[in-house]
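Residue numbers (UniProt numbering): 1 to 421. Where a beta carbon is used, it is the ideal one built from N, C-alpha and C, also for glycine. Comments concern the structure below.
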Amino acid sequence: MEKLIVHGGAPLKGRVNISGSKNSSLPILAATLLTKDTCTIRRVPDLSDTNYMVRILGELGAEVERASGVVVVKAEKIKSVAPYELVRKMRASICVLGPLTGRLRKCTVSLPGGCVIGDRPVDLHLKGLEALGAEIQVEGGDISVNAPKKTFKGATMNLMGKHGSTVLGTDNVMMAAVLAKGTTIIEGAAAEPEVEDLANFLIKMGAKIEGAGSNRIVIEGVKELIGAEHTVIPDRIEAGTFLCAGAMLGDGITIKRVMPEHLKSVTDVLKKCGFPVEITKDSISIAPNPNAKGFDLTTLCYPGFPTDMQAQFCALACVINDVSTITETIFPQRFMHVAEMKRMGAQIDLQGATARIRGGSKMKGAPVMASDLRASAALVLAGLVTEGKTDVNRLYHIDRGYEHLDDKLASLGAQLERVRE
């Protein structure tokens, strides 16, 4: 077990490159199972989650090579079973379900583990595969899929859930449908950039997909897919996290290698608060503003404000001398970081799925416990502005989704150290 010791008050300044997207890399790596040919994926971030996915591909029979952000996969012969021991550590491992169904027509994938931010059911994934003609049984923690060739056909379905569209569910159905005979129409599809990135990779492999990036995706099935090369899009959540850091303290930072259009909901809030934001084709600069105003935001599916930035904006609100509110509609229970921030002196009143933050009060470092990936990043951000030192425990959460976060913050001037407990 490792922890991060953050010494508060060190000003941030400089430039930082944003890594490839975790949430794009995982389904794109899974999609390499759809062909016997060689696929090359570039800008895959060095994370424990991507390491798990590479291991899963290898255990399923694929030949995998990884070096300097490039992953080469040749899945000539693959197995149809992904057991619990293989998928238990990562929720996103469920995205092998679609490729295995599409290519093998028959597979067994254990229900995965993952982070604790509320209920994340896979019912919409299964609903979509059943619409394509797959027979599904869930028993003993395993999902067994049988999709006979004569019944595995394109269909029209709606994947909208009670808290919005399902990203991995859209990914899974899209990956299965590209090899299903006929036309598949996904209504209520997730419109996130990561879904569009996966679709672009599938199209390079020979898939026929229209509408990715919108809530209606149309897929015309093909007989087989071929190998392809692809470069993963920048990680918009990592980028947003650094924008929060740059707004919280220091003399201004610039994030490089980004796609600003993917961050519009985040930069719109920052601009409205009064933070100076400068945007170019592939970079965004930001600096603190002692007179910044509070904000009132609600998490929504893309292009709305991302739930994955909610915790970081809780940290940002703590340094704004005003009242801010955040309402969480995607994962209403995703406020486990609030109790930890209050240990540091944050004034946060949590009522149901809405947090009311009165910022501007002095915060002091304290030992805190990370509960999930984004909460851990938010606690690091809070530690940057506290008086004294903050020990962020359970550092493995950060390593799931941020590539060398401590090194990148240190390059901007932050004083922090990783230690083994």
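- Selection Thr108, Gly182, Met248, Ala134 evaluated against Gly360 yields Met248 as nearest (Cα-Cα).
- Under the criterion of beta carbons closer than 8 angstroms, Ile219 and Gly246 do not qualify as touching, at roughly 40 angstroms.
- Taking 8 angstroms as the cut-off, the beta carbon of Ala346 is found no closer than this to the beta carbon of Ile320.
- Looking at the backbone, the Cα of Ala199 and that of Asn215 are separated by about 13 angstroms.
- Using a Cβ-Cβ distance cut-off of 8 angstroms, the region 5-20 and the region 387-404 are in contact, since at least three pairs of beta carbons, one from each stretch, lie closer than that value.
- In this structure, the alpha-carbon of Gly250 lies about 10 angstroms from that of Leu384.
- In terms of Cβ geometry, Leu225 and Ile186 do not form a close pair [threshold 8 angstroms].
- DSSP, read as helix, strand or coil, puts Ser24 in helix.
- Along the region 49-111, the alpha helix (DSSP H) occurs as fully enclosed runs of 4 or more residues at 84-87, 97-104, listed in sequence order.
- Secondary structure at Asn146: strand, using DSSP grouped into helix, strand and coil.
- Sixteen is the threshold: when 16 or more other Cβ atoms of the shown chains lie within 10 Å of the Cβ of Thr267, as they do, the residue is buried.
- Burial check for Asp406: the Cβ neighbour count within 10 Å reaches 16 or more, so the residue is buried.
- Residue environment for Lys408: buried (at least 16 other C-beta atoms within 10 angstroms of its C-beta).
- Secondary structure of Glu135 (DSSP, three-state): strand.
- When the beta-carbon positions are compared, Met341 and Ile330 stay at least 8 angstroms from each other.
- When DSSP states are grouped into helix, strand and coil, Val222 belongs to the coil group.
- Taking one beta carbon from each stretch, the region 103-111 and the region 71-88 have 3 or more pairs nearer than 8 angstroms; the two touch.
- DSSP places Asp391 in the strand class (E or B) of the three-state scheme.
- Beta-bridge partners assigned by DSSP to Met157: Ile186.
- Counting the other CB atoms within 10 Å of its CB gives Val419 a total below 16, which places it among the exposed residues.
- Out of Glu85, Leu168, Lys150, Ile209, the CA that lies nearest to the CA of Ala177 is found in Ile209.
- DSSP lists Val392, Arg418 as the bridge partner or partners of Leu4.
- Two segments are said to touch when three or more pairs of C-beta atoms, one from each, lie closer than 8 angstroms; by this definition the region 255-270 touches the region 234-242.
- Of the candidates Asp37, Lys36, Ala92, the residue whose Cα lies closest to the Cα of Thr50 is Ala92.
- The residue among Ile255, Val269, Ile398, Leu86 with its C-alpha nearest the C-alpha of Thr280 is Ile255.
- Nearest to Ile253 by alpha-carbon distance, out of Ser25, Gly413, Gly9, is Gly413.
- For the pair Glu194 and Val222, the CB atoms are not nearer than the 8 angstroms cut-off.
- In the displayed model, Ala378 falls within a helix according to three-state DSSP.
- The alpha carbon of Ser376 has as its nearest neighbour, out of Gly58, Ala228, Ile398, the alpha carbon of Ile398.
- The Cβ atoms of Asp46 and Gly227 lie no closer than 8 angstroms to each other.
- Residues Ala155, Met157 of the same chain have their beta carbon placed closer than 6 angstroms to that of Ala131, with the five preceding and five following residues left out of the count.
- Inter-residue distance for Val338 and Leu350 is about 8 angstroms (C-alpha atoms, whole angstroms).
- 8 angstroms or more divides the Cβ of Glu229 from the Cβ of Gly213.
- Between Ile143 and Leu111, the beta carbon gap of about 6 angstroms places them in contact (Cβ cut-off 8 angstroms).
- Here Glu278 is bridged, per DSSP, to Ser285.
- Boundaries of the alpha helix (DSSP H) harbouring Asn172: 167-177, taken from the DSSP string.
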